[in-house]
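Engineer: Take a look at this one; I'll ask things after.
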Amino acid sequence: MDRAPLNRGAERRDVALTARCRTSSGLRDAAELTDISTHGCCVACKGLIFDVGARLFIQPEGMEGIASVVRWVVKDKVGVEFDVPLYEPIVEHLSSLHPRRTPFTVTAL
1146 MDRAPLNRGA
1156 ERRDVALTAR
1166 CRTSSGLRDA
1176 AELTDISTHG
1186 CCVACKGLIF
1196 DVGARLFIQP
1206 EGMEGIASVV
1216 RWVVKDKVGV
1226 EFDVPLYEPI
1236 VEHLSSLHPR
1246 RTPFTVTAL
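The numbering of the sequence shown is the working numbering, which starts it at 1146 and goes up by one.
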């Protein structure tokens, strides 16, 4: 089944960036950001459960915390919208430092 593209305000960049997440109630867990733009990102987090509209504070490795709100939830992944958009050069820098690498497979000769 084909889905209509989501209406996003900025280009998403595929990354693999470790982060710490904290809910508004204080629960914390490690996470991975798997795609990011100036306006939001996808967060994979196995230890926390989220509802749409929940507040989430994300601290990517080497950065200050980013306040956000959960916009969608699918299993252990959530899409969040940042309260304050990130500066585009920061997103570019993060995507160049932490690109998602496609796992390679070994084939028999």
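Glycine included, every Cβ here is placed at the ideal spot set by N, Cα and C.
Compare the C-beta of glycine 1210 against all C-beta atoms of chain B and say whether one is closer than 8 Å.
Structural biologist: Here there is only one protein chain, and chain B is not present.
Engineer: Please specify which runs of the beta strand (DSSP E), each continuous and at least 3 residues long, are wholly inside the region 1200–1249, giving them in chain order.
Structural biologist: Complete beta strand (DSSP E) runs here, min 3: 1200–1205, 1211–1219, 1222–1227.
Engineer: In whole angstroms, give me the CA-to-CA distance for glutamate 1237 and glutamate 1156.
Structural biologist: So the alpha carbons of these two residues sit roughly 11 Å apart.
Engineer: Go ahead and label alanine 1164 buried or exposed: buried means 16 or more other beta carbons lie within 10 angstroms of its beta carbon, across all protein chains shown.
Structural biologist: Classification for alanine 1164: buried.
Engineer: Could you pull the DSSP bridge partners for aspartate 1159 from this structure?
Structural biologist: According to DSSP, which records beta bridges pairwise, aspartate 1159 is partnered with Asp1180.
Engineer: Just the C-alpha distance for arginine 1246 and leucine 1201, rounded to the nearest angstrom, thanks.
Structural biologist: 26 Å
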